[in-house]
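**Student:** Before I ask anything, let me first share the structure, which is written out below as structure tokens.
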Amino acid sequence: MIFPRNKFSLGSSLSMIIALLLFSSCSTSSLLQRRGGYMLARYEVKADRPEINTDDLKNFAQPKPNAKFLGLIRPGVWIWDAASAGRDNGTKRWIRDHMGRRPVLLDSSMVDNSMRPMLVYLNNKGYFGADISRKIRYRRARAFVTYYTHTPEPYTFGNINYDIRDDSLRYFIARFKSIPLIQEGSQYDAYKLRDERERLAREIKETGYFNFSREYISFEIDTVSTRNQKANVKIIVAGNREGNLSDSMPDITHQRYFVNKVYIHSNYGDVGLGTQTETDTVPFYRKSQHGSGVPSFFQIYQQRLRLRPIALSRSVFVSPGKPFSQQNINLTYNHLQNMEISRLVSVSVNPPENYAAIKPPGIGLLDYDIRLVRNPVNIYTIEAEGTNAGGYVGLGSSISYRNRNIFKGGETLRFKVRGAFEVEPTYAINPGSDSRLFNSFEAGFESGIDFPSLLMPFTIKRLEKNALSKTTISFGLNFQERTLYKRYVIYLSFGYEWKSSPEIKHIFAPVELSSISITRDSTLNLYLSGMVDPRLLNQYTDHLILALKYSFIFNNQDITTSGNNFFFFRMNMEPAGNLLNLYSNMAESSQDSTGKYQLFGLAFAQYFRTDLDFRYYRVISREHKLVYRFAFGIGVPYGNSTVLPFEKGFFAGGANGLRGWPLRSVGPGEYRSLGGLNFERVGDLWLELNTEYRFPIYSFLDGALYADAGNIWLLNENEDFPGGKFKPSRLLKSMAL
């Protein structure tokens, strides 16, 4: 490595740093001289009331100390101090500039200035007449700053009244469904007043008052004529002053606006169009508008029609004759942007060009221009990858193709071919049976089509307006060659995905069909034939799965802020084989030698499986979080099955579970393997508890301390897995830590 004017090895530079740290002077006077003052080691805020948010107050504190490594030490400052000792040279300067961090020094004027915004914050929270003091302590060459709050009893909101100076607005405001953010008796909060102002302005504008803004809303706060620390609030909603908000102008009625015409430029700015300006226009009428003479929208395109109007109509929620609605604009934007063919969507709203001539008296008209910039339609991808899944280390590659507009309706066609060679661990029962380096092979392809809407024989209006709804059809083949068996999997699925609210997501697959065929070698057959319980034999036997799946996901994380606690919850439910079993009973189908019904020569699985994952994220500060996780799952075979299929069993261990254990190496229960084949272990019952503390280590590097506990169990006794059955009395003893 070469540095300006100095050439030395990395080892010598590290040695020099260590020597500097060991032998540089650590006296207070020398540190003060090198640094140029006291280093700010820590600052804190001590509030005299527990309800005061000290994290908010800390945001105003200046300057900020240097970041700590693991919250304990500042290695960058150490290096900077060490490289500043003694005679200066180019090497030391390079170390200071590239490996060190200049200490943040105490600036008493900045400390004093920080108290001003803190005081404003406290007053905004209702602590009128509050005060802030500070104390600086010095120890060696470091300074410690503490801010103290001195607050009286906070004011609370008293009477809340409205002064609405536009009669037309009074009708709508009285019918708003959202709850006001300020309530009588709650603590005074100027920030909530600000948010209430925004809420009112947003609600009023949503009813068609296009030009309404928050500047028409003001507050009068009265603390003089009240007692017991009360603040009466008058919310003033002013009338229109034709663009002049001066109090000297008389109030007039606000104008309500309606949709005039909607124009959609469906291939705006497409590559390859060049300077071509010739366009074609296609009017589109919804069924309810046939015969009205007013199109739902006009589609404007160049060269040829690349998106069908009927497909666009499912994503457009603004209609001629309807009042202006920002929510409908947002729905339209989100729906169009949700299509993979869309790269950029813009919606502009303006009065018509001949506005004065066509404007009806007393109302306003607006034209909507929707511009859609498309992504490239065809995407080809070639990938090479290293794999490490469940102890199988190997190399793989894949080729994929995507068409983002296969039926000219924003549908996405997916196709992927993948292959991988892996190194499978050697089994003790037959060591050296396969001397190949890559003794495991996997190949397959997957394909699917995603529709940007819910394909149903009927319409659900509530779901129709969901921006993230889609329908997915998937099909795939997979082949695995292991040292002991070969597995062939064919699957087909059809499902829906939608959001019923910003926090809640649903995934529903009414059909998920899988056919699994397994060819065992003689070694595996010999081992399975010697087992008392047929559990493993059934799991390594050909079978068919016809399942219905539903997932409910709740996540109330607010991505606009990092300071709030939040929950994540996911629940999956999966019944399988019930329809096939009902049909087999009604048709009196024949059974195989084990008494199982078959379809196309394969025994079908019948079971009910459910699992849930609950996580609570507790925010200690903006950089420190505690995460608590509880996960549970159970699968019950019945009817045509005596055990869960291997693919549907639960497992423990691995990077996403019990992190101290290899994948699928734990359990079931208290069972311990004493040799033989080391099968991947699956169970009928699964329980996992995790606690994790996340913290910053240094700069962009974060760390975590965690504790995991859990296991899998069987629901029934099994002689081949002694101790594997779940017993509540031995739950704690059977938990893996």
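Quick note: the sequence shown, position 440, residue 440 per our numbering, numbers continuous. For glycine and all other residues, C-beta sits at the position ideal for the given N, C-alpha and C. Just so it is clear, the structure is predicted and the values come from calculations on it, not from any experiment.
For S348, which of helix, strand or coil comes out of DSSP?
**Tutor:** strand
**Student:** Taking the beta carbon of E44 as the centre, do at least 16 other beta carbons fall within 10 Å, making it buried, or is it exposed?
**Tutor:** Burial call: exposed.
**Student:** Buried or exposed for M586, going by 16 or more other Cβ atoms inside 10 Å?
**Tutor:** The residue is exposed, with fewer than 16 neighbouring Cβ atoms inside 10 Å.
**Student:** Taking only the alpha-carbon atoms, compute the straight-line gap between I160 and L181 and give it to the nearest angstrom.
**Tutor:** 12 Å
**Student:** Quick one: grab the DSSP three-state call for Y121.
**Tutor:** Here Y121 carries a helix assignment [DSSP, helix/strand/coil].
**Student:** Short of 6 Å in beta carbon distance, which residues of its chain neighbour F475, apart from the five on each side in sequence? Order them along the chain.
**Tutor:** Cβ-Cβ distances below 6 Å link F475 to S447 and L492 in the same chain, with the five nearest sequence neighbours on each side left out; the list follows chain order.
**Student:** Nearest to R194 by CA position, among I164, D222, I235 and T223, is which residue?
**Tutor:** I235
**Student:** Could you have a look at H150 and say whether DSSP puts it in helix, strand or coil?
**Tutor:** Note: H150 maps to strand in three-state DSSP.
**Student:** How is E198 classed by DSSP in three states: helix, strand or coil?
**Tutor:** helix
**Student:** With respect to the beta strand (DSSP E) encompassing A739, which residues constitute its N-terminal and C-terminal limits?
**Tutor:** Because the chain spans 1 through 737 in this model, residue 739 falls outside it and cannot be assessed.
**Student:** So N718 and R535 are in contact, right, with Cβ under 8 Å, and what is the actual spacing, rounded?
**Tutor:** 6 Å
**Student:** If we call anything under 8 Å between Cβ atoms a contact, is Y355 one with V262?
**Tutor:** no
**Student:** On the DSSP letters alone, give me the boundaries of the alpha helix (DSSP H) that Q327 sits inside.
**Tutor:** Q326 to N338
**Student:** Between T281 and I300, is the Cβ-Cβ spacing less than 8 Å?
**Tutor:** yes
**Student:** Which residues in the same chain as Y162 place their Cβ atom closer than 6 Å to its Cβ, once the five residues preceding and following it in sequence are excluded?
**Tutor:** I235
**Student:** Could you spell out where the alpha helix (DSSP H) holding K58 opens and where it closes?
**Tutor:** T54 to K58
**Student:** Is the beta carbon of H150 less than 8 Å from the beta carbon of D166?
**Tutor:** no
**Student:** Please confirm whether N690 and D702 have their CB atoms less than 8 Å apart.
**Tutor:** No, these two residues do not count as a Cβ contact at 8 Å.
**Student:** Helix, strand or coil, according to DSSP, for E688 in the structure here?
**Tutor:** strand
**Student:** Hey, Y155 and Q229: beta-carbon distance below 8 Å or not?
**Tutor:** Yes.
**Student:** Are the region 83-97 and the region 110-125 touching, with three or more C-beta to C-beta distances below 8 Å?
**Tutor:** no
**Student:** Between I217 and R202, is the Cβ-Cβ spacing less than 8 Å?
**Tutor:** No, they are not a contact pair.
**Student:** Buried or exposed, going by whether 16 or more other CB atoms sit within 10 Å of the CB of H543?
**Tutor:** buried
**Student:** What span of residues does the alpha helix (DSSP H) with L536 cover, start to end?
**Tutor:** Here the alpha helix (DSSP H) through L536 covers R535 to Q539.
**Student:** Based on DSSP bridge pairs, tell me the residues matched to Q739.
**Tutor:** Missing from the structure shown is residue 739; the chain here goes from 1 to 737 and no further.
**Student:** Would you tell me roughly how many angstroms separate the C-alpha atoms of Q327 and A509, rounded to the nearest one?
**Tutor:** 30 Å
**Student:** So, does the CB of L536 fall closer than 8 Å to a CB anywhere in chain D?
**Tutor:** The structure shown contains no chain D; it holds only a single protein chain.
**Student:** Please report the Cβ distance between W498 and L528, rounded to the nearest whole angstrom; I am assuming they are in contact, meaning their Cβ atoms lie under 8 Å.
**Tutor:** Actually they are not in contact, since the Cβ atoms of W498 and L528 sit about 44 Å apart, beyond 8 Å.
**Student:** Let me confirm a value: L344 is counted as buried when at least 16 other C-beta atoms fall within 10 Å, else exposed. Which label applies?
**Tutor:** exposed
**Student:** Relative to the C-alpha of T253, which candidate in F554, G364 and L658 has its C-alpha closest?
**Tutor:** G364
**Student:** Mind checking whether R42 and P63 have CB atoms under 8 Å apart?
**Tutor:** No. Outside cutoff.
**Student:** Any idea what DSSP makes of G683, helix, strand or coil?
**Tutor:** DSSP places G683 in the strand class (E or B) of the three-state scheme.
**Student:** Count the other C-beta atoms from every protein chain shown that fall within 10 angstroms of the C-beta of V294, then say buried if there are 16 or more, exposed otherwise.
**Tutor:** exposed
**Student:** Between the Cα of Y147 and the Cα atoms of N59, P728, D189 and V347, which residue gives the shortest distance?
**Tutor:** N59
**Student:** Please say whether V145 and P103 have beta carbons closer to each other than 8 Å?
**Tutor:** no
**Student:** DSSP on Q591, reduced to helix/strand/coil?
**Tutor:** strand
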